[in-house]
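**Q** Okay, handing you the structure first.
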Amino acid sequence: MCPHEPSCPSADARDREAARTLAAHPEQGWSLLCNGVVLFEDTGELLPDGAVIEPHRPLLGVA
10 MCPHEPSCPS ADARDREAAR TLAAHPEQGW SLLCNGVVLF EDTGELLPDG AVIEPHRPLL
70 GVA
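Listed below in structure tokens is the structure:
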């Protein structure tokens, strides 16, 4: 359970990346968020249930 007020978004929420960082390891390229999501520097994600979210960098200059 998230101890923050307001609570961090859950791992299955669309805005899950907005959760607070619990552990950051930039030298290894990943961070652990409060909701259990592992966020990688290439924008890929590993969810607590083992599901993988492919990197989703925004396309610059596309309108």
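By the count of the numbering used here, the sequence shown reaches residue 72 at its end, each step adding exactly one.
We treat Cβ as the ideally placed atom computed from N, Cα and C, and that holds for glycine.
If you're wondering where the values come from, they're calculated on a predicted model, not measured in any experiment.
1) Less than 8 Å between the CB atoms is what I'm expecting for Glu54 and Ile62, so what's the real figure, rounded?
2) So, using beta-carbon positions, are Val46 and Leu56 closer together than 8 Å?
3) If you compare alpha carbons, which of Ala20, Pro35 and Ser16 is closest to Asp58?
4) Asp64 and Thr52 look like a contact to me (Cβ under 8 Å); what is the Cβ gap, rounded to whole Å?
**A** So, from the data block:
1) 4 Å
2) yes
3) Checking every option, the nearest Cα to that of Asp58 belongs to Ala20.
4) The question names Asp, yet the displayed sequence has Pro at residue 64. With 8 Å as the limit, Pro64 and Thr52 qualify as a contact, their Cβ atoms being about 5 Å apart.
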